[in-house]
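Numbering (the numbering used here), first residue to last: 818 to 977.
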């Protein structure tokens, strides 16, 4: 395959869901769902409890695979380009599912994930501080343990 072809976009839309189905055994969490969003558009996913909203988000972030249908993010098929999509998408799950170290500071939590990407220590601290500043954290909030942060602040830390 020619260089660049393997990362070619398959659709021009930012989010494109086509006849999506997700089955857990005989139960269908999603059955024939289709929708799209173009660049610079806002998209709200609303529905009753158990309607499949979280299932759609888990597919779009590559956490689960659809049983049938297609899902694209940034033009890329989520079933083929999960690693690439994980670099494009930030997903904050429901509060009870946040993966944070509650005895560490917000800054330490951000730095842990920088280490997972193999960045140099100085670069990790700079990027972590920069991201937290973008998310509205001052020095006091950055150094506060996650257990002492509000729910909204915890969600912002989880974005890092």
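For glycine and all other residues, C-beta sits at the position ideal for the given N, C-alpha and C.
Nothing here was measured: the structure is a model prediction, and the numbers come from that model.
In this structure residue 878 is not in contact with residue 839, their Cβ atoms being roughly 14 Å apart against a cut-off of 8 Å.
Looking at 832, 855, 954, 918, the one whose alpha-carbon comes closest to that of residue 876 is 832.
Residue 895 and residue 834 have their alpha carbons spaced roughly 10 Å apart. Taking the C-beta atoms as reference points, residue 952 is found no nearer than 7 Å to residue 959. Listed as beta-bridge partners of residue 955 by DSSP are no residues whatsoever. Each residue's CA atom was taken as its position, placing residue 863 and residue 923 some 30 Å apart.
Within 10 angstroms of the beta-carbon of residue 938 lie fewer than 16 other beta-carbons, which makes it exposed.
For residue 848, the enclosing beta strand (DSSP E) has its first and last residue at 844-854.
Its Cα nearest to that of residue 884, the residue 849 stands out among 970, 915, 849, 927. With distances taken between CA atoms, residue 868 lies nearest to 847 out of 847, 917, 968. Under the three-state reduction of DSSP, residue 931 is assigned to helix.
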